[in-house]
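Engineer:
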Amino acid sequence: MLGEAMGISQALQWVDELGFDGIDFSLGSKITVDSFNGGIFSNSFHNSTVEFSRQQTNEIDHQISASLNAI
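Numbered continuously in full-length UniProt numbering, the sequence shown closes out at residue 71.
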């Protein structure tokens, strides 16, 4: 859970530095998602979302990500 929170925090910082908006994040930790949606995130990224993804869906995301990293 801590790793996922740190990862999304770094990703949000990077997205902000690049001036991107409208980014959707899918995480496997409901606690992390609830924390981000209830905090600064919702005030700073109006067109972006952090969503909870059950493990089965998360596994598909992981496989896609692994395939892209292999390229």
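For glycine and all other residues, C-beta sits at the position ideal for the given N, C-alpha and C.
(1) Quick check on this structure: which residue in Phe36, Gln63, Gly28 and Ser29 has the alpha carbon closest to the alpha carbon of Gln13?
(2) Can you give me the Cβ contacts of Thr49 inside the same chain, cut-off strictly under 6 Å, excluding the 5 residues immediately before and after it?
(3) Which stretch, first to last residue, makes up the beta strand (DSSP E) that contains Ser26?
(4) Within its chain, find whatever has a CB closer than 8 Å to the CB of Val33; leave out the 5 residues flanking it on each side and keep chain order.
(5) Between the C-alpha atoms of Arg54 and Ser29, what's the straight-line distance to the nearest angstrom?
(6) Could you check how far apart the C-beta atoms of Asn47 and Asp21 are, in whole angstroms? I think they sit under 8 Å.
(7) The beta strand (DSSP E) with Phe52 in it runs from where to where?
Structural biologist: Once the coordinates are examined:
(1) Phe36
(2) Asp24
(3) Asp24 to Leu27
(4) Leu27, Val50, Glu51 and Phe52
(5) 9 Å
(6) Contact between Asn47 and Asp21 holds, with the beta-carbon distance rounding to 5 Å and staying under 8 Å.
(7) Thr49 to Phe52
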